[in-house]
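This note's numbering runs 389 ahead of the 1-based position in the sequence shown. Structure first, commentary second.
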Amino acid sequence: TDIALAKGVMFIDDPRCNPELARSKIPSWLVEKAYAKMVEMLEDALDRIKLRPEPETVILVGGGSAMWPKVLRGAKEVIRPEHAQYANAIGAATALVGAVVEKAYSYEQVSREKAIQDASEEAKKRAIEAGADPATVEIAEVEEIAMPYLPGNAVKVRVKAVGKLRL
């Protein structure tokens with residue numbers, strides 16, 4: 390907060406949050422270096438959560454959303470919704486919707502490929518029902534767990550599908 394105040398990218402309506410006081414206490418070179426590092430860390434975090442390498446739309450919310458630049462590396466566009474300062478849910482910016490399906494199959498009765506396809510289709514359907522944009526839904530995880538205590542080469546297939554929130 391002190392860096393954002395000293396940089397002049399944030400205003401807080403509180404007499405204890407005085408930009409002039411922050412600038413008088415923190416050298417300008419340190420403000421610039423710290424702010425650049427903060428932006429770099431945000432951009433790196435955005436890269437880590439993206440599903441694809443292409444630039445994505447970034448929606449910034451929360452009390453600190455005003456302090457970020459209008460252009461971010463890896464972002465197609467940066468959006469700050471009206472009243473964004475009141476949203477404090479960190480997950481809101483990622484806006485991913487997912488679903489997990491776990492089903493038991495006998496590989497003696499159905500092929501492995503068919504079992505995975507069946508569970509994948511159901512996981513995608515559930516993700517869409519939960520609010521994911523159908524055009525963005527992808528399979529994020531496929532896990533097979535042998536169930537040797539059951540007959541018929543039994544396996545539990547677990548599939549996770551995720552997609553962007555349908556806006």
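Just so you know, even glycine gets a beta-carbon here, dropped at the ideal spot from N, CA and C. Since we're looking at a predicted model, the values are computed, not measured.
State the DSSP-derived secondary structure class of residue i, mapped to helix, strand or coil.
i	result
residue 439	coil
residue 547	strand
residue 554	strand
residue 500	coil
residue 538	coil
residue 425	helix
residue 557	With the chain running from 390 to 556 in the structure shown, residue 557 is simply not present.
For residue i, count neighbouring Cβ atoms within 10 angstroms of its own Cβ and tell me buried if that reaches 16, exposed if not.
i	result
residue 457	buried
residue 488	buried
residue 534	exposed
residue 531	exposed
residue 396	buried
residue 430	exposed
Can you give me the Cβ contacts of residue i inside the same chain, cut-off strictly under 8 Å, excluding the 5 residues immediately before and after it?
i	result
residue 468	446, 447, 448 and 449
residue 528	509, 512, 513, 548, 549 and 550
residue 504	492, 494, 496, 544 and 546
What residue range is occupied by the uninterrupted alpha helix (DSSP H) comprising residue i?
i	result
residue 392	391-396
residue 412	408-414
May I ask which residues mark the beginning and end of the beta strand (DSSP E) holding residue i?
i	result
residue 535	527-535
Starting from the C-beta of residue i, find all residues in its chain whose C-beta is less than 7 Å away, skip the five residues before and the five after it, and write them out in chain order.
i	result
residue 553	484, 485, 521, 522 and 525
Below 6 Å CB to CB, which residues in the same chain sit around residue i once its five sequence neighbours on both sides are set aside?
i	result
residue 411	391, 394 and 395
residue 490	508, 511, 512 and 548
- Query: In chain order, which beta strand (DSSP E) runs of at least 3 residues are fully inside the stretch 444-489?
  - Reply: As far as the stretch 444-489 is concerned, its whole beta strand (DSSP E) runs of at least 3 residues are 445-448 and 464-468.
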